[in-house]
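Residue numbers (full-length UniProt numbering): 1 to 316. Report on the following structure.
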Amino acid sequence: MGWGKSLPVPSIQEIVRNDSNSVPERFIQEENDRPKLVSENLPDDSLEIPVIDFSLLANEDENERRKLDLACKEWGFFQITNHGIEKEVLLQMKTAVAAFFELPIEEKMKYAMAANDIQGFGQSEALDKYSTEIQKVAAEIYANLSVLMGLERDGLIKLQGELKQGIRMNYYPTCSRPDLVLGISPHSDGGALTLLLQDDEITGLQIKHKESWVNVKPIPDALVVNIADALEILSNGVYKSIEHRAITNEKKERISIAAFVLPDEQREIGPLETMVDELHRPRMYRKIKYIDYIMQFLAKKLQGKAHTDIVKLEIK
1 MGWGKSLPVP
11 SIQEIVRNDS
21 NSVPERFIQE
31 ENDRPKLVSE
41 NLPDDSLEIP
51 VIDFSLLANE
61 DENERRKLDL
71 ACKEWGFFQI
81 TNHGIEKEVL
91 LQMKTAVAAF
101 FELPIEEKMK
111 YAMAANDIQG
121 FGQSEALDKY
131 STEIQKVAAE
141 IYANLSVLMG
151 LERDGLIKLQ
161 GELKQGIRMN
171 YYPTCSRPDL
181 VLGISPHSDG
191 GALTLLLQDD
201 EITGLQIKHK
211 ESWVNVKPIP
221 DALVVNIADA
231 LEILSNGVYK
241 SIEHRAITNE
251 KKERISIAAF
261 VLPDEQREIG
271 PLETMVDELH
281 RPRMYRKIKY
291 IDYIMQFLAK
301 KLQGKAHTDI
311 VKLEIK
């Protein structure tokens, strides 16, 4: 896409295949950043992110839409059930991803991304059906958010142009010292929405809620949805793009499939007039062309919410 490239690093999967007991020094986190795995410091498992019934949302149920509004304001994350994507489509996607990562590294390298792109492997699996279904779900969520933000149902899509989608397939191998490392560092996403298909059996995703890390417990066949930076900016900070991270597991590898819904790169993003109240909620972000935002986003290391500082205005 020409948005920027990532710093090349060795394949974690290959490191684990060759030596499953050692953890390279470069991946060991600073003391304060390590996941708390001892019993007294576990994330508060009494907290669970909201669950939205997508079938009710699609039928314009007002109660469910209010639940969506609260989820986006207070959590920035929610799970959706009854989304209409057939179980077979979800299973085929997971199976294809697992099979790809089982290939020898020499075979996977045939599908490596270009040298000037983000490190990883090209999307050679059969993604058409899955990405088509995800796009339908994303469009319906967008329509409901548009109404909540004072627009017509197609308002956000009109403002952002044709929605683009990128899919990232993540593989987290087993780790002998999950107390020392993270699968992915704390960050918020740079798009508009992210829809994540989790492993049904392993809890690996954690989100930051009121300064504590909360486990996102898998619900079989559900999708995890989170507000990303562009929607936080468009909502003038009413809807939250939240820090999240992945932890590793000592006994079992984990996969996840993230679909990033992105604005048209040439469109401008900034607070909607319907979300600005100069007396009670003044404008918090400047306008910026999305391509400029995402290129600056990719130029920085994953570091919490530092990316939205790029466009934050100083409120006096």
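The C-beta atom is built at its ideal place from N, Cα and C for all residues, glycine as well.
Local Cβ density within 10 Å of residue i, reported as buried at 16 or more and exposed below that
| i | result |
| --- | --- |
| ILE105 | exposed |
| LYS87 | exposed |
| VAL311 | buried |
| ALA299 | exposed |
| VAL38 | Residue confidence for VAL38 is low, a pLDDT of 38 falling below 50, so the modelled location carries little weight; the figure read from the coordinates is stated next. Classification of VAL38: exposed, given that the 10 Å Cβ count is below 16. |
| SER235 | buried |
| GLY204 | buried |
| GLY150 | exposed |
| HIS280 | exposed |
| THR248 | buried |
| LEU103 | exposed |
| PHE297 | buried |
| ARG245 | buried |
| ASP33 | exposed |
| LYS301 | exposed |
| ALA222 | buried |
| GLN29 | exposed |
| GLU162 | exposed |
| ASP199 | buried |
| GLU125 | buried |
| PRO243 | It should be noted that the sequence gives Glu, not Pro, for residue 243. Counting Cβ neighbours within 10 Å, GLU243 comes out buried, since at least 16 surround it. |
Reference residue i; option with closest CA among the options
| i | options | result |
| --- | --- | --- |
| GLN266 | ALA259, ILE288 and MET275 | ILE288 |
| ARG168 | LEU127, GLY237, GLU211 and GLU243 | LEU127 |
| PRO192 | THR95, ILE247, SER241 and ASP292 | Reading the sequence as shown, one finds Ala at residue 192 and not Pro. Checked all of THR95, ILE247, SER241 and ASP292; the closest Cα to ALA192 is SER241. |
| GLY76 | ILE52, GLY84 and LEU57 | ILE52 |
| LEU145 | LYS305, HIS307 and LYS73 | LYS73 |
| VAL225 | LEU68, GLY183 and GLY84 | LEU68 |
| LYS129 | LEU70, LYS94, GLU162 and LYS305 | LYS94 |
| GLY155 | ILE227, ARG286, GLU273 and VAL23 | GLU273 |
| LEU262 | PHE54, ILE157 and THR203 | ILE157 |
| THR308 | ARG254, VAL23, PRO24 and ALA228 | ALA228 |
| GLU250 | GLU211, GLY304, GLU232 and VAL181 | VAL181 |
| PRO282 | ALA259, THR174, LYS252 and GLU314 | GLU314 |
| GLU140 | LEU47, GLU60 and ILE269 | GLU60 |
| LEU197 | GLN79, VAL276 and PRO50 | GLN79 |
| LEU195 | ARG65, TYR142 and VAL23 | TYR142 |
| PRO220 | GLU201, GLU232, TRP213 and GLU64 | GLU201 |
| GLY270 | TYR290, ALA259, ARG254 and GLY190 | TYR290 |
| GLY84 | LEU56, LYS252 and GLU64 | LEU56 |
| ILE255 | GLU31, LYS164 and TYR172 | TYR172 |
| GLN165 | TYR285, PRO218, LEU223 and ILE134 | ILE134 |
| ALA230 | PHE260, ILE207 and LYS252 | PHE260 |
| VAL238 | GLU31, LEU70 and GLU211 | LEU70 |
| LEU90 | SER131, ASN63 and GLU107 | SER131 |
| ASP189 | LYS305, GLU48, ALA58 and ARG34 | LYS305 |
| LYS210 | ARG34, ILE49, VAL23 and ILE28 | ILE49 |
| MET284 | ASP292, MET295, ILE233 and LYS252 | ILE233 |
| GLN160 | PRO178, ASP264 and ILE257 | ASP264 |
| GLU268 | LYS136, ALA258, PRO178 and ARG286 | ARG286 |
| LYS252 | ASP277, GLU152, ARG177 and PHE100 | ARG177 |
| VAL23 | ALA98, LYS217, CYS175 and ALA99 | CYS175 |
| ASN82 | VAL137, GLN92 and GLU125 | VAL137 |
| LYS217 | ALA98, LEU47, PRO35 and PHE27 | LEU47 |
The beta strand (DSSP E) enclosing residue i, as first and last residue numbers
| i | result |
| --- | --- |
| SER55 | Looking at the DSSP string, SER55 is not in any beta strand (DSSP E); the run it does join, the alpha helix (DSSP H), is 54-58. |
| LYS208 | 205-209 |
| TYR171 | 164-172 |
| GLN79 | 77-81 |
| ILE257 | 254-262 |
| ALA192 | It is not in any beta strand (DSSP E) - ALA192 carries neither H nor E in the DSSP assignment. |
| ASN249 | Neither: ASN249 is in no beta strand (DSSP E) and is coded neither H nor E. |
| SER212 | 212-215 |
Paired residues, beta bridge with residue i - DSSP
| i | result |
| --- | --- |
| LYS289 | GLU268 |
| ASP309 | None, per the DSSP bridge assignment. |
| ASP277 | ARG281 |
| ASN32 | Bridge partners of ASN32: none, in fact. |
| ILE184 | ALA246 |
| LEU151 | In DSSP, LEU151 forms no bridge with anything. |
| VAL224 | GLN79 and LEU196 |
| VAL51 | GLN79 |
Minimum Cβ-Cβ distance from residue i to chain D less than 8 Å
| i | result |
| --- | --- |
| ASP128 | Reference to chain D is not applicable here, since this structure consists of a single protein chain. |
Where the alpha helix (DSSP H) through residue i begins and ends
| i | result |
| --- | --- |
| GLN92 | 87-101 |
| ARG66 | 62-74 |
| ASN144 | 128-148 |
| ILE233 | 229-234 |
| LYS301 | Counting along the chain, LYS301 falls outside any alpha helix (DSSP H), and DSSP gives it neither H nor E. |
| GLY155 | 155-160 |
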